[in-house]
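A.B. asks: Residue numbers (the working numbering): 1 to 177. All C-beta atoms, glycine included, are put in the ideal place defined by N, C-alpha and C.
What follows is the structure in structure tokens.
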């Protein structure tokens, strides 16, 4: 989902769970170039260190790519900046203000509306269709990617409030047409 996407740095933080192993990938570089990392507790790490027969030797094709490493460093610096998580909270609050009114419509196609961090989802009823939504949105300058029964908006963390209002407005307009 992306570092901070849910309003906390890692989604597992919501469950107050500390995983033994965590894989980070696309979010490390902001999705610009391939990079991944495997994080592990000391207990897991120690099981693979020591003698060569215990070591987990793995060297991917793109290991140590300086461009990917630079992109990851820049991305992590942005994520660690003081205003990063507060910006996610602002996006979340605006998504709630802009999408929650859809609940009041009692629209027969809407099953649920969920918002967490910088992610807003309108879940459709099983027999509802979003056919034509992509074209409808594109004609209004918005790119939406419905998936199955879900209309997601996962805006860039740098989105302006005006741009987010436009995205949410198109979703509302779709159901009010």
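#1: Span of the beta strand (DSSP E) holding residue 53?
#2: Looking at C-alpha atoms only, which residue of 114, 31, 75, 174 is the closest neighbour of residue 94?
#3: Any contact of the segment 159 to 177 with the segment 129 to 148, i.e. 3+ C-beta pairs under 8 Å?
#4: Express the C-alpha separation of residue 73 and residue 66 in angstroms, rounding to a whole number.
#5: Exposed or buried, what is residue 63 when buried is set at 16 or more other beta-carbons lying within 10 Å of its beta-carbon?
#6: Of the residues 68, 52, 14, 45, which one's Cα is nearest the Cα of residue 27?
#7: Select from 29, 23, 175, 15 the residue whose C-alpha is nearest the C-alpha of residue 77.
#8: Jot down the residue ranges of each uninterrupted beta strand (DSSP E) in the segment 4 to 58, minimum 3 residues, whole runs only, in chain order.
#9: Can you look up residue 173 in the DSSP assignment and give me helix, strand or coil?
#10: What does DSSP give as the partner residue(s) for residue 114 in the beta ladder?
#11: Is there contact between the segment 105 to 113 and the segment 78 to 88, where contact requires at least three CB pairs shorter than 8 Å?
#12: Do residue 126 and residue 134 have their C-beta atoms closer together than 8 Å?
C.D. replies: On the basis of the coordinates in this document:
#1: Translated into positions along the chain shown, residue 53 becomes position 53. First-last for residue 53: undefined, no H or E at that position.
#2: Working through the chain shown from its first residue, we reach residue 94 at position 94. Nearest option by C-alpha distance: 114.
#3: The answer is yes - the segment 129 to 148 touches the segment 159 to 177, with three or more Cβ pairs under 8 Å.
#4: As a working mapping, residue 66 is identified with position 66 in the chain shown. As a working mapping, residue 73 is identified with position 73 in the chain shown. The alpha-carbon atoms of residue 66 and residue 73 are separated by roughly 10 Å.
#5: Translated into the one-based positions of the chain shown, residue 63 becomes position 63. Counting Cβ neighbours within 10 Å, residue 63 comes out exposed, since fewer than 16 surround it.
#6: What you label residue 27 is simply residue 27 of the chain shown in a count that begins at 1. Residue 27 has its Cα closest to that of 68, out of 68, 52, 14, 45.
#7: Indexing the chain shown from 1 puts residue 77 at position 77. Per the Cα distances, 29.
#8: Those beta strand (DSSP E) runs which fall completely within the segment 4 to 58 and span 3+ residues are 21 to 24, 37 to 40.
#9: The count along the chain shown starts at 1 and reaches residue 173 at position 173. Residue 173: helix per DSSP, three-state reduction.
#10: On the chain shown, residue 114 is found 114 positions in, with the first residue counted as 1. Bridge partners of residue 114: 121.
#11: In short, these stretches do not touch, since the Cβ pair count stays below three.
#12: For the purposes of this step, residue 126 is identified with residue 126 of the chain shown, where counting begins at 1. For the purposes of this step, residue 134 is identified with residue 134 of the chain shown, where counting begins at 1. With contacts defined by Cβ atoms closer than 8 Å, residue 126 and residue 134 do not form a contacting pair.
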